[in-house]
């Protein structure tokens with residue numbers, strides 16, 4: 002792969018990390034991958050309009066939140082490799098439910114409290130974390146943790162064009178974990 006020509010294994014070992022792509026063996030990697038153009042004629046990217054399609058499942062009275070899942074910096078995809086890296090796992094040892102400041106206030110809880118996230122397909126309990134980049138009414142859970150397998154909660158409805166499951170949007174309920182346990186007893 003030509004874009005990795007200036008990042009030999011010896012350099013990675015010596016520098017601990019090298020940002021891709023690097024223009025020369027003695028220069029740091031670039032901050033932006035396509036800062037010098039796209040690998041297309043004329044260097045321009047090709048943008049194609051897409052027809053917006055609403056999600057298959059939207060919030061309602063029973064499930065008033067939106068659950069979205071995704072990656073995080075420390076753990077790639079399902080964590081099959083990165084969860085074995087002791088340094089990375091020490092940085093992010095467990096899944097968390099990221100919520101907005103407004104959601105914490107609405108639920109009457111504080112960051113670090115246990116929450117239960119429930120969808121029509123199941124539930125997980127995990128610690129909460131305040132993230133001001135998350136909108137009110139949305140909960141984000143990384144999917145790299147089998148202990149809190151977020152993608153089992155998501156909607157398996159297939160996108161009609163891409164034929165992939167709708168893993169990034171589903172209706173959910175978020176509540177303090179203790180409150181729902183007391184109500185069940």
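Numbering (the numbering used here), first residue to last: 2 to 186. C-beta atoms are modelled at their ideal positions from N, C-alpha and C, and glycine is treated no differently.
Which listed residue (the options) has its alpha carbon closest to that of residue i
| i | options | result |
| --- | --- | --- |
| residue 126 | 132, 150, 107, 11 | 150 |
| residue 132 | 156, 119, 105 | 105 |
| residue 117 | 129, 107, 109 | 129 |
| residue 113 | 54, 123, 95, 120 | 95 |
| residue 25 | 163, 4, 111, 166 | 4 |
| residue 7 | 174, 22, 165, 64 | 22 |
| residue 177 | 27, 38, 107, 41 | 107 |
| residue 148 | 63, 16, 97 | 97 |
Beta strand (DSSP E) segment containing residue i, residue limits
| i | result |
| --- | --- |
| residue 123 | 123 to 131 |
| residue 139 | 139 to 143 |
| residue 98 | 97 to 100 |
DSSP beta-bridge partners of residue i
| i | result |
| --- | --- |
| residue 156 | 167 |
| residue 176 | 117 |
| residue 70 | 142 |
| residue 23 | 30 |
Cβ-Cβ separation, residue j to residue i (assumed contact under 8 Å), whole Å
| i | j | result |
| --- | --- | --- |
| residue 143 | residue 72 | 7 Å |
| residue 154 | residue 68 | 6 Å |
First through last residue of the alpha helix (DSSP H) which encompasses residue i
| i | result |
| --- | --- |
| residue 13 | 10 to 16 |
Discussion item. When you compare the segment 160 to 176 with the segment 53 to 61, are there three or more beta-carbon pairs, one atom per stretch, that lie closer than 8 Å?
Written reply: A contact between stretches requires three or more CB pairs, one per stretch, nearer than 8 Å, and the segment 160 to 176 meets this requirement with the segment 53 to 61.
Worksheet item: Does the segment 91 to 110 touch the segment 128 to 147, meaning 3 or more C-beta pairs lie closer than 8 Å?
Response: The segment 91 to 110 and the segment 128 to 147 touch, with three or more beta-carbon pairs separated by less than 8 Å.
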